[in-house]
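Trainee: Before I ask anything, let me first share the structure, which is written out below as structure tokens.
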């Protein structure tokens, strides 16, 4: 099902399963056979170690209309002469359900810093979910805008407001994110950032916070439980 999505040149994001951290890397499909898929990392430099041989991974394929996912086993993993990962051809590729990637619209604070420590800014977070965060950056006078390059990675410190009894003081989350979309606004920029390296327990607490804040909105009558037409 949807196996045609795994074709040469397609982009695949792999998420390593197990361990204490959730690490994602983007790969390009180099070759496909009936029983295996050969991938090479996107870009020149590796952002993280390759998934080891025998490990289980989650794969994600984005299309213009939705995201698909699959599970697979790493058959081979080598960094020389060229970084290459060979996966067992997945048994199924299925649409990612929206409930797994829902985004909660809530204002919060996000501190962004480049990995080299050359700059750090504080921006306004406008939505958040288990997979990433959306921010708004407003230009202040003649202050230059940070270099928000596509697919560049940033260190994030996210400060969320209180949510019910479980999070009376709010929640702070630290992660590494990758810029996946951006657009100019009249007074600044809107930027979408996907988490690519986050502690697994940290992500679980973030999900728990999202549900707690959602319950708070429901209790206050600020969130409708009705499904809108066309929602899935």
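In the numbering used here, the protein residues as written are 3 to 234. By construction, the Cβ of each residue, glycine as well, lies at the ideal position given by its N, Cα and C atoms. Note that the coordinates shown come from a computational prediction; the quantities given were computed from them, not determined experimentally.
Looking only at its chain, what residues have a beta carbon closer than 6 Å to the beta carbon of residue 194, apart from the 5 residues adjacent to it on each side?
Mentor: Along the chain shown, read from residue 1 onward, the residue named residue 194 stands at position 192. Answer for residue 194: 136, 182, 183, listed in chain order.
Trainee: Compare the Cα-Cα distances from residue 125 to each of 190, 119, 77 and report the closest residue.
Mentor: Counting from 1 along the chain shown, the entry for residue 125 is found at position 123. Measuring from the Cα of residue 125, the nearest candidate turns out to be 190.
Trainee: Where does residue 95 fall in DSSP's three states?
Mentor: For this step, residue 95 is matched to residue 93 along the chain shown. Residue 95: coil per DSSP, three-state reduction.
Trainee: Alpha carbon to alpha carbon, what distance is there between residue 84 and residue 102?
Mentor: Walking along the chain shown from the start, residue 102 turns up at place 100. Walking along the chain shown from the start, residue 84 turns up at place 82. Below a pLDDT of 50, predicted positions are generally treated as unreliable, and residue 102, at 48, falls in that range; the measurement from the model is reported next regardless. Cα to Cα, residue 102 sits roughly 34 Å from residue 84.
Trainee: If you compare alpha carbons, which of 163, 201, 196 is closest to residue 219?
Mentor: What you label residue 219 is simply residue 217 of the chain shown in a count that begins at 1. Here the closest residue by C-alpha is 163.
Trainee: What residue range does the alpha helix (DSSP H) around residue 186 cover?
Mentor: Position 184 of the chain shown, counted from the start, is the residue given in the question as residue 186. Note, residue 186: premise wrong, no alpha helix (DSSP H); beta strand (DSSP E) at 173-187.
Trainee: Out of 216, 16, 151, 202, point me to the one whose CA is closest to residue 58's CA.
Mentor: Taking the chain shown and counting its residues from 1, the one referred to as residue 58 is at position 56. When only C-alpha atoms are compared, the closest one is 16.
Trainee: Report the residue from 165, 211, 93 whose alpha carbon sits nearest the alpha carbon of residue 36.
Mentor: The count along the chain shown starts at 1 and reaches residue 36 at position 34. When each option's Cα is compared against that of residue 36, the closest is 93.
Trainee: When burial is assigned at 16 or more other CB atoms within 10 Å of the CB, is residue 180 buried or exposed?
Mentor: As a working mapping, residue 180 is identified with position 178 in the chain shown. Buried, because 16 or more other Cβ atoms sit within 10 Å of the Cβ of residue 180.
Trainee: Given 8 Å as the limit, is there contact between the stretch 114-123 and the stretch 164-175, that is, 3 or more CB pairs closer than that?
Mentor: The stretch 114-123 vs the stretch 164-175: no contact.
Trainee: Can you tell which of 82, 222, 150 has the C-alpha that lies nearest to the C-alpha of residue 192?
Mentor: Within the chain shown, residue 192 is the residue found at index 190, counting from 1. Measuring from the Cα of residue 192, the nearest candidate turns out to be 150.
Trainee: Can you tell me where the alpha helix (DSSP H) holding residue 196 begins and where it ends?
Mentor: Looking up residue 196 in the chain shown gives position 194. That residue, residue 196, is in no alpha helix (DSSP H); its beta strand (DSSP E) goes 190-201.
Trainee: Between residue 89 and residue 41, is the Cβ-Cβ spacing less than 8 Å?
Mentor: By one-based count along the chain shown, residue 89 stands at place 87. By one-based count along the chain shown, residue 41 stands at place 39. It is a contact, given that the beta carbons lie within the stated cut-off.
Trainee: Taking 8 Å as the CB-CB cut-off, is residue 105 touching chain C?
Mentor: As a matter of chain content, chain C is missing from the structure shown, which is built from one protein chain.
Trainee: Compute the Euclidean distance between the alpha carbons of residue 87 and residue 79, then round it to the nearest angstrom.
Mentor: As a first step, residue 87 must be located in the chain shown, where it is residue number 85. As a first step, residue 79 must be located in the chain shown, where it is residue number 77. Looking at the two C-alpha atoms, the distance is approximately 5 Å.
Trainee: Going by alpha carbons, who is nearest to residue 68 out of 169, 96, 27, 30?
Mentor: As a working note, residue 68 is residue 66 in the chain shown. Taking only the C-alpha atoms, the option nearest residue 68 is 96.
Trainee: Quick check on residue 216: does DSSP put it in helix, strand or coil?
Mentor: In the chain shown, residue 216 corresponds to position 214, counting from 1. Here residue 216 sits in helix by DSSP.
Trainee: Quick check on residue 231: does DSSP put it in helix, strand or coil?
Mentor: Counting from 1 along the chain shown, the entry for residue 231 is found at position 229. Residue confidence is low: residue 231 scores 35 on pLDDT, short of 50, so the model does not pin down where it sits. No coordinate-derived value is stated.
Trainee: Look up residue 9 in the DSSP assignment and say whether it is helix, strand or coil.
Mentor: Mapped onto the chain shown, residue 9 falls at position 7. It is coil, neither helix nor strand.
Trainee: Helix, strand or coil, according to DSSP, for residue 205 in the structure here?
Mentor: The count along the chain shown starts at 1 and reaches residue 205 at position 203. If DSSP states are grouped into helix, strand and coil, residue 205 belongs with the helices.
Trainee: Can you grab the Cα-Cα spacing for the pair residue 160 / residue 202, in whole Å?
Mentor: Position 158 of the chain shown, counting from 1, holds the residue named residue 160. Position 200 of the chain shown, counting from 1, holds the residue named residue 202. Near 16 Å, if we compare the C-alpha coordinates of residue 202 and residue 160.
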